[in-house]
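Going by full-length UniProt numbering, the first residue of the first sequence is number 1, and it counts up by one from there. Glycine residues also receive a C-beta, built at the ideal position from the N, C-alpha and C atoms. Only one structure is covered here, and it is reproduced in the block below.
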Amino acid sequence: MFTDLAAPADSPLLENLNPEQRAAVTLPAGNALILAGAGSGKTRVLTTRIAWLLQTGQVSPGGILAVTFTNKAAKEMMTRLGAMLPVNVRGMWIGTFHGLCNRFLRAHWKLAGLPSTFQILDTQDQLSAIKRLMKQFNVDDERFPAKQTQWFIAGAKEDGLRPRDVEARSDDDRKKIELYQLYEEQCQREGVVDFGELMLRSYELLRDNDPVREHYQRRFRHILIDEFQDTNRLQYAWIKMLAGNTADGRFVPGDNSVVAVGDDDQSIYAFRGARVGNMADFVREFEVSHQIKLEQNYRSYSNILDSANELISHNKKRLGKNLRTDQGPGEPVRVYESTSDFAEAQWVVEEMRQLMRDGIDRKEMAILYRSNAQSRVLETALFNAAVPYRVYGGLRFFERAEIKHALAYLRILENKDDDTSFLRIVNFPPRGIGARSIEALQDAARAAGRSLHDAVSAVGGKAGGNLSAFVAKIDVLREQTQGMSLREIIELVLDHSGLIEHYKADREGADRIENLEELVNAAESFVTQEGFGRDAVALPVDELRQSSVSQGLDPNRPLLDEPLAPDAETGETLSPLAAFLTHAALESGDNQAQAGQDAVQLMTVHAAKGLEFDCVFITGLEEGLFPHENSMSDYESLEEERRLMYVAITRARKRLYLSHSQTRLLHGQTRYNIKSRFFDELPEGALKWLTPKNQGGFAPSAFGYGGGYATSRGAGSSYGRETFASPPVPPQKAAPSHGLRSGMQVFHNKFGEGTITALEGSGDDARAQVNFPRHGVKWLALSVAKLTPVT
DNA sequence: CTCGCTGAGATTTTT
DNA sequence: TCTCAGCGAG
């Protein structure tokens, strides 16, 4: 099954590739799976393969379809490809699943049953649309929280299911399906699509329209998919539509080649619909003839790599892969146990300062954690030590409220029926249109079956007056902006909407105004980058046509290659404004406010995927946190936690630090945590314990790992924020007043000897959960039960 | 309309 | 404990 690694034809592109990489780059036509370990040069292989296919004349640029998950990955691929070959990368179908589906739907909007100006709802918009819907139909939001409905709808779409396809197992299900149906109708009426809809609509159009499907099947000779382990059911089905035929329900691979690149060990998005099983299905259904493993790691020293390998070997469901490196062992992986999360943070900062003294750049140091809430303590410690840091995550540029407001104005210009946008701005800035007027308007709109914008004339009275003024303002703006450049449109809207004025009056509005000005810049650079200049559009088409001719392909077939995705029949393209709005929805922008600065990097493990640093600190390695308590109960999600840990470890190039804390302030309570089981799954030889192993008297093996943590009110007060001034506290000080600790062996007069598995409360309320070998697990009030430590 | 209170919820997240 | 959404009072 595995491909012969004989050296293929020479090409400068193939220089400096190892045999596996080279084999992957030069795979013959046919379907293939590339198992690419962390740091194995996956992106390089993917891009080089595209370049090689083009260079050897096996395919024209138009015959390539390369799909990624993030805009960042897509951009990187295009940049690298552009550096390898003098080819117009913008015109190629390289992009995210959603970006490509958008392009496809823009070209075939009519066939897809969409208005040509359809706009995209992001997650926020989707939630507010659902809330609005549920209010309208008087759905009990106690029983059906809007968030849950959103989750349900998105989940269904990820599985490729329309309301009628969803199986109802309960009355609640039936209600949710009904809401899903109503939501769909609302979106259709308003001319908007959510992220899931982009995928699902595209899939359905391919499935139901033979000429369209056949056209694209003929066209995309080579399909390449990055991060295949993260694909969901629908995305996999979409690929099948492009790559083969599903006549009479059975899939038969087509003539085109599909190369899937992925790493099952790095699958960490099951919670949002990703299905690792797609990899195995792919091998079977696509009758994969070549599988290649990229196991040579170019990133980390072997102590780090061995740790990763050993850890992940505890997962049973794997395709099987072991990373290796030619680099030496390097530094040992350092492990630190602290008494409190404050002390842990303090230790991290101290270590970092030492690393800085050793000449390591701050931006080469990262602190990783399982959940966002953990960043706080770390931030405080860094702040107090005056170490510059940057936190990933949080609001992105296009998600900021003021930006969303401005975009809503712009969207309503483009599509007057977009009720979500209408509601967002109808009274922002405030113009005397309150809840009552809006309700009246909504009733009128529903009665007339029209959009809010169109229903305004039906509302009388003072409310009607204000509303009419608003709509008139919008209509005037729409008129005025005809023929204007994108920049002029935005400036005019910012001015006439009153947004700028509104924020000027606000004491804390300065940042918001700055962001709004940044929006103008974003639009400006969008125009230049996307090639909106008049001649910039024409050029790539010509080039492509020429290259098609030289490849002996039909020059007259429709070329849907321009970034603007013109209508497939008329060639009409979106207005710059509509294109920019699409861009804003599909690419929520950076959240790296001060990117480029030399600052320490803080992020969740999820956010770290795909990144690498010289020095990595993985903090909070405690049972209940990492692995997370919600994932400890079932085996599948525990394996995902382990993969998450694997991802975290493999981010480090030179040094890796692991830490856990005996206590942690969480939700305002002090939790007593035992160290993560993952420590027991690492090779002892690669580790160096900075604190004595198992210090603190507990023996994890004595009682297994069943939710061994407890909470205690007020116990955290003894480690105030002041402790930041002092060096790390020795572990002994953490014990609460009763002197008991998780893991301790204790004696009880009636039950005999047992192990403390959890502690909760303080003072008179203090309770301990004790596991007695003969009597099982008991909760004991410490004020009543006499527990004596066994020495 | 804005302010301030109350109560629920508090993994992970891209598009 | 903290945050944020939703709601009632001024």
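Residue from 606, 652 and 659 whose Cα sits closest to the Cα of residue 364
Comparing alpha-carbon positions, the option among 606, 652 and 659 lying closest to residue 364 turns out to be 652.
Please report the distance separating the alpha-carbon of residue 93 from that of residue 161.
Whole-angstrom Cα-Cα distance: 26 Å.
Among 500, 179, 508 and 330, which one has its Cα closest to the Cα of residue 516?
Per the C-alpha coordinates, the member of 500, 179, 508 and 330 positioned closest to residue 516 is 500.
Need the endpoints of the alpha helix (DSSP H) that residue 109 sits in, please.
Here residue 109 belongs to no alpha helix (DSSP H), and DSSP marks it neither H nor E.
Inter-residue spacing [alpha-carbon to alpha-carbon] between residue 232 and residue 201
In this structure, the CA atom of residue 232 is about 15 Å from the CA atom of residue 201.
Tell me the DSSP bridge mates of residue 622?
Residue 622 is bridged to 675.
Between the alpha carbons of residue 598 and residue 346, how many angstroms are there, rounded?
Residue 598 and residue 346: Cα-Cα distance of roughly 20 Å.
Tell me, which residues are paired with residue 615 by DSSP?
Beta-bridge annotation (DSSP): residue 615 is paired with 365 and 655.
Whole-Å CB distance - residue 589 paired with residue 298, under 8 Å assumed:
That pair is no contact at about 31 Å.
Taking the alpha carbon of residue 674 as the point to measure from, which residue in 630, 507, 456 and 338 has its own alpha carbon closest?
Ranked by Cα distance from residue 674, the first of 630, 507, 456 and 338 is 338.
Give the list of continuous alpha helix (DSSP H) stretches no shorter than 4 residues that lie fully inside the segment 243 to 329.
Segments of the alpha helix (DSSP H) lying fully in the segment 243 to 329: 277 to 285 and 302 to 312.
Out of curiosity, what's the CA-to-CA distance linking residue 22 and residue 134?
Going from the Cα of residue 22 to the Cα of residue 134 covers about 55 Å.
Give me the Cα-Cα distance between residue 795 and residue 456, rounded to the nearest whole angstrom.
Lying before the first or after the last residue shown, residue 795 is absent from the chain, which here runs from 1 to 791.
With DSSP as the reference, label residue 86 as helix, strand or coil.
Residue 86: coil per DSSP, three-state reduction.
Does the structure place the segment 511 to 529 close enough to the segment 393 to 413 that three or more beta carbon pairs sit under 8 Å?
Contact between the segment 393 to 413 and the segment 511 to 529 is present, because at least three Cβ pairs lie under 8 Å.
Taking three-plus beta-carbon pairs below 8 Å as touching, is the segment 305 to 322 in contact with the segment 51 to 64?
No contact exists between the segment 305 to 322 and the segment 51 to 64.
Please look up how many angstroms separate the CB atoms of residue 236 and residue 209, rounded, as I've assumed it's under 8 Å.
Between residue 236 and residue 209 a beta carbon distance of about 20 Å is seen, past the 8 Å cut, so the two are scored as non-contacting.
If you draw a straight line from the C-alpha of residue 624 to the C-alpha of residue 630, how long is it?
If you draw a straight line from the Cα of residue 624 to the Cα of residue 630, it comes to about 8 Å.
Measuring alpha carbon to alpha carbon, tell me which residue in 386, 271 and 332 is nearest residue 301.
Across the set 386, 271 and 332, the C-alpha of 332 shows the shortest separation from the C-alpha of residue 301.
Tell me which same chain residues have a C-beta within less than 6 Å of the C-beta of residue 276, skipping the five on either side of it?
Closer than 6 Å at Cβ, skipping near neighbours: 229, 264 and 267.
Alpha-carbon to alpha-carbon, residue 193 and residue 307:
The straight-line gap from Cα to Cα measures roughly 45 Å.
Under the rule that 16 or more other beta-carbon atoms within 10 Å means buried, what is residue 472, buried or exposed?
Flag for residue 472 reads exposed.
State the start and end residues of the unbroken beta strand (DSSP E) segment that holds residue 32.
It spans 32 to 36 - the beta strand (DSSP E) in which residue 32 sits, taken as one unbroken run.
Between residue 721 and residue 356, what straight-line distance do the alpha-carbon atoms span, to the nearest angstrom?
Confidence at residue 721 is low in this model, with a pLDDT of 27, below 50, so its placement is unreliable and no value can be given for it.
Sufficient close CB pairs (3 or more, under 8 Å) joining the segment 150 to 165 to the segment 101 to 121
At 8 Å Cβ cutoff, the stretches do not touch.
Taking the alpha-carbon of residue 802 as reference, which of 770, 740 and 660 has the nearest alpha-carbon?
As shown, the chain starts at 1 and ends at 791. That puts residue 802 outside it, with no answer to give.
Sequence-distant residues of its chain with Cβ nearer than 7 Å to residue 533 (five each side left out)
In this prediction, residue 533 scores a pLDDT of 34, lower than 50, which makes its location untrustworthy; no coordinate-derived value is stated.
Residue from 108, 88 and 75 whose Cα sits closest to the Cα of residue 95
Comparing C-alpha distances from residue 95 to each of 108, 88 and 75 shows the shortest one belongs to 75.
Secondary structure at residue 688, three-state DSSP: helix, strand or coil?
Shown here, residue 688 sits in a strand according to DSSP, grouped into three states.
What are the boundary residues of the beta strand (DSSP E) that residue 222 is part of?
Counting along the chain, the beta strand (DSSP E) containing residue 222 begins and ends at 222 to 225.
Measure the C-alpha to C-alpha separation of residue 73 and residue 619 and round it to an integer number of angstroms.
Looking at the two C-alpha atoms, the distance is approximately 27 Å.
Once DSSP output is grouped into helix, strand and coil, what is the label at residue 521?
The answer is helix: DSSP assigns residue 521 an H, G or I state.
Per-residue burial, residue 354 [other beta carbons within 10 Å of its own, 16 or more giving buried]:
Taking all protein chains shown into account, residue 354 has fewer than 16 neighbouring C-beta atoms within 10 Å of its C-beta and is therefore exposed.
May I ask you to report which of helix, strand or coil DSSP gives residue 667?
The answer is coil: DSSP assigns residue 667 none of H, G, I, E or B.
With H, G and I counted as helix, E and B as strand and the rest as coil, what does DSSP make of residue 549?
Here the model assigns residue 549 a pLDDT of 32, short of 50, so the residue's position is not dependable, and the following value carries that caveat. Of the three classes helix, strand and coil, the one that applies to residue 549 here is helix, per DSSP.
Do the segment 601 to 610 and the segment 405 to 423 touch if we need at least three Cβ pairs shorter than 8 Å?
Cβ pair count under 8 Å is below three, so no.
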